[in-house]
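Student: These protein sequence lines are chains A and B, in that order.
To convert, count from 1 in the first sequence and add 2; that's this note's numbering.
To convert, count from 1 in the second sequence and add 1; that's this note's numbering.
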Amino acid sequence: EVQLVESGGGSVQPGGSLRLSCAASGYIVSDHHTDWVRQAPGKGLEWIGRTRNKARGYTTEYAASVEGRFTISTDESKNSVYLQMNSLKIDDTAVYYCSRSPNGNIEDVWGQGTLVAVSS
Amino acid sequence: EIQMTQSPSSLSASVGDRVTITCRASQGIANSLAWFQQKPGKAPKSLIYATSRLQSGVPSKFSGSGSGTDFTLTISSLQPEDFATYYCQQYITYPFTFGPGTKVEIK
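#1: Looking at chain A, is there any beta carbon in it that lies within less than 8 angstroms of the beta carbon of Thr98 of chain B?
#2: Relative to the alpha-carbon of Ser78 of chain B, which residue among B:Tyr92, B:Ser68, B:Phe63 has its alpha-carbon at the smallest distance?
#3: Report the residue from B:Ser68, B:Ser53, B:Thr98 whose alpha carbon sits nearest the alpha carbon of Ser61 of chain B.
#4: Can the beta-carbon of Ile3 of chain B be found closer than 8 angstroms to that of Ala26 of chain B?
#5: Span of the beta strand (DSSP E) holding Leu6 of chain A?
#6: Give me the residue from B:Met5, B:Gln56, B:Gly102 with the minimum Cα distance to Gly44 of chain A.
#7: Since Ala26 of chain A is in the beta strand (DSSP E), which residue starts that stretch and which ends it?
#8: Please compile the residues from chain B whose C-beta is within a distance smaller than 7 angstroms of the C-beta of Asn129 of chain A.
#9: Does any residue of chain B have a CB that is nearer than 8 angstroms to the CB of Ala159 of chain A?
#10: What does Val59 of chain B pair with, by DSSP beta-bridge criteria?
#11: From Phe84 of chain B to Val7 of chain A, what does the alpha carbon distance come to, in whole angstroms?
#12: Taking C-beta pairs closer than 9 angstroms, name the residues in chain A that Pro9 of chain B reaches, listed in chain order.
Rendered as structure tokens:
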């Protein structure tokens, strides 16, 4: 069964850092692109970034709202993707989801999400 | 950035009703349009990609159509498990962008 499990969320003060993990099972994470999407409390979905697959060199794309502060990386040995979040702001408070995007498809499998709360 | 709009923002419908949700892009996106369903407290679920292609396991009561800037999601016969919020998303240009959502409620 294809599955994604996020972890690493929690409470952090403004300006702090957090690293989220997205552990994949049932497929090889390097074969597919991985997207990160977040949802602020009571709000809609916001795409925040992508790492392309190994064949595309793990190149990345980011939304303007996180560019320069967030970094997506992949660890093949752990079959996992990571979202490093620095210089966190109150507006970054949200549930963060990772999702798989096979070639020709988009976000077909999602994790359960992990909550990040930024407050002083 | 491509802006996505959805209409209506919410609707009330009865079990068995045919429901149509519209999604519009601020510029042409060919057929790079996906639809997602989200229930309260749950992760989104992918329903449709490439405008009209059902994800594996999604029942055929869901269908999608459109091209260019105007798209629709249709639920042919609404069932209790279909009451949820539905989002469209364009994925032809970064950043990928979602519509604001359409909440489907029980009448």
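Yeah, the Cβ is synthetic: ideal placement off N, Cα and C, and Gly gets one too.
Tutor: The structure says:
#1: Closer than 8 angstroms to some Cβ of chain A, the Cβ of Thr98 of chain B qualifies, so yes.
#2: The closest CA to that of Ser78 of chain B, considering only B:Tyr92, B:Ser68, B:Phe63, is found on B:Phe63.
#3: Between Ser61 of chain B and the set B:Ser68, B:Ser53, B:Thr98, the nearest pair of CA atoms involves B:Ser53.
#4: Yes, Cβ-Cβ distance for Ile3 of chain B and Ala26 of chain B is below 8 angstroms.
#5: Taken as a continuous stretch (DSSP letters only), the beta strand (DSSP E) holding Leu6 of chain A covers 5 to 9.
#6: Distances from the CA of Gly44 of chain A to each of B:Met5, B:Gln56, B:Gly102 were compared; the closest alpha carbon is that of B:Gly102.
#7: Looking at the DSSP string, the run of the beta strand (DSSP E) that includes Ala26 of chain A is 20 to 27.
#8: The requested residue 129 of chain A does not occur in the structure, where chain A is confined to residues 3 to 122.
#9: Residue 159 of chain A is absent from the structure shown; chain A starts at 3 and stops at 122.
#10: Per DSSP, Val59 of chain B has no beta-bridge partner at all.
#11: CA-CA distance, Phe84 of chain B to Val7 of chain A, rounds to 26 angstroms.
#12: Those do not exist, as Pro9 of chain B stays about 15 angstroms from chain A at its closest Cβ, beyond 9 angstroms.
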